[in-house]
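S.K.:
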Amino acid sequence: MRYFTFTLVPLADRYFHPSLVAARQHPDITLEQMKYVNLFEDDTGVVLLGGRGDPEAAAEVLSSVDDVVDWELIPGNDEDGYYAYIHFVGREPAVGLLKLLDKFRLVLELPLRFTSEGYLRVTVIGSDDNIQQALRSVPDTIDAQATQMGEYNPDDGRAIAGLTNRQREVLEAAVEMGYYEVPRQATYEDIAEVCDCTVGTVGEHLNRIESQIIHSAMD
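Going by my numbering, the first residue of the sequence shown is number 13, and it counts up by one from there.
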């Protein structure tokens, strides 16, 4: 079995679904991950989104989108983090993308991650032939940009897959600036300046990241 990781970049301002368009455009909402998504036979679906920001803004957005049938906000562990359960009316290109999974017998690795630009980073698992056919069938309004591929190992914890976008940003800055080199080439203050956050936030994120990676290695 193979895995293929790619970034889905919407073209012509179509994006994936009206609810995500509204959330993406709101200045007080940051989309981080898609923990679950499923399409039903009637072309409605459910999705569990992880986000950050003002919950009142999220509630306002979800209440205003006609294609949202039902929704509920669920508090997250972080102070400004939350999840949104959404029952939605399927629209293109979301419906077309989800139907490719069934058509080509692919497994979608969850959660999906939103990039800082609001695109979706996706990993699918299946035979090399089926993956290639699915990629050739991606709707014209979506550009699938490959980032990684290889043999799939189900025992590979891939610890960083569970990081939020903000945690990834802090970790990437720490690595690039030499925080983990010996001797250490960067401080919390240096990383905080690059990531435009407080020193305490850098420490909190790096502690959580390191804890997650250590626990994953011990499992």
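Using N, Cα and C, we set each Cβ at its ideal position, and we do this for glycine too.
Counting Cβ pairs, one atom from each stretch, are 3 or more of them under 8 Å apart for the region 36-53 and the region 126-141?
M.R.: Yes, since at least three Cβ pairs between the region 36-53 and the region 126-141 fall closer than 8 Å, the two stretches touch.
S.K.: Are the region 107-117 and the region 82-96 touching by the rule of at least three beta carbon pairs closer than 8 Å?
M.R.: These segments do not touch.
S.K.: Determine the contact status of F18 and V59, defining contact as a CB-CB distance below 8 Å.
M.R.: no
S.K.: Kindly give me the distance between the Cβ atoms of I154 and L20, rounded to whole angstroms, as I take these residues to be in contact under 8 Å.
M.R.: 5 Å
S.K.: Run through the DSSP bridge pairs and tell me what T42 is partnered with.
M.R.: DSSP lists R64 as partners of T42.
S.K.: Nearest to A186 by alpha carbon, out of N142, G93, Y97 and V214?
M.R.: Closest in alpha carbon position to A186, among N142, G93, Y97 and V214, is V214.
S.K.: So D55 and V107 are supposed to be a Cβ contact under 8 Å. How far apart are they, rounded?
M.R.: 6 Å
S.K.: From S75, V182, E193 and E104, pick the residue whose C-alpha is nearest to that of E205; which is it?
M.R.: V182
S.K.: Rounded to whole angstroms, what's the CA-CA distance from T210 to P67? Just pull it up for me.
M.R.: 23 Å
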